[in-house]
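A quick write-up on the structure given underneath.
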Amino acid sequence: MATYRSASVLLASDGTRTPGTAALFAEPARKGGTPPWAGDFRPANSAGNGPKNAVGKTFTLELPDGSTGKVVVQSLKSGKGGVVLALMGEDAPPF
1 MATYRSASVL
11 LASDGTRTPG
21 TAALFAEPAR
31 KGGTPPWAGD
41 FRPANSAGNG
51 PKNAVGKTFT
61 LELPDGSTGK
71 VVVQSLKSGK
81 GGVVLALMGE
91 DAPPF
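Here the sequence shown is numbered in the UniProt record's numbering, starting from 1 and rising by one per residue.
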């Protein structure tokens with residue numbers, strides 16, 4: 001299982017950029033298919049709670065090396081550590 005954790009940016013379709021940290025993982029592909037991937041995104045303190053009404057919407061996740069991947073926000077959790085968006089990747093993992 002491949003894993004990735006680093007600073008990243010969540011890009012909305014309107015061009016809004018939300019900086020934060022992504023913790024992503026990919027499972028091995030089955031029968032030569034595209035490996036499924038998912039993870040969490042924690043908006044940076046300067047970004048507040050992240051994108052509004054994000055659950056169910058598709059965003060572009062941009063990694064520091066410039067690679068990108070499409071993600072759908074599955075849920076939003078908030079607690080002592082702040083807000084966490086649960087992501088499900090589409091297409092091939094960008095890491």
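Backbone N, C-alpha and C define an ideal beta-carbon position, used for all residues, glycine too.
Who are the near neighbours of residue i in its chain, counting only those whose CB is closer than 7 angstroms to its CB and skipping five residues on each side?
i      : result
Asn-53 : none
Leu-76 : Ala-54, Val-55, Val-83 and Leu-85
Gly-62 : Before going further, note that residue 62 is Glu rather than Gly in the sequence given. Correct list, in chain order: Ser-8, Val-9, Leu-11 and Thr-68.
Report back the beta-carbon spacing between residue i and residue j to the nearest angstrom; my notes put them in contact at under 8 angstroms.
i      : j      : result
Pro-28 : Ser-46 : No, Pro-28 and Ser-46 are not in contact; Cβ-Cβ is about 36 angstroms, not under 8 angstroms.
Phe-25 : Thr-3  : 5 angstroms
Reducing DSSP to helix, strand and coil, say where residue i ends up.
i      : result
Ser-75 : strand
Ser-46 : helix
Phe-41 : strand
Leu-63 : coil
Ala-2  : strand
Thr-34 : coil
Taking residue i as part of the beta strand (DSSP E), name the residues at either end of that continuous run.
i      : result
Gly-56 : Run containing Gly-56: none; DSSP gives neither H nor E here.
Glu-90 : 82-90
Pro-19 : 17-26
Might you give, ordered along the chain, the residues of its own chain that have their beta carbon closer than 6 angstroms to the beta carbon of residue i, omitting 5 neighbours on each side?
i      : result
Ala-23 : Arg-5, Gly-39 and Asp-40
What are the partner residues of residue i, as DSSP defines its beta bridges?
i     : result
Ser-8 : Gly-20
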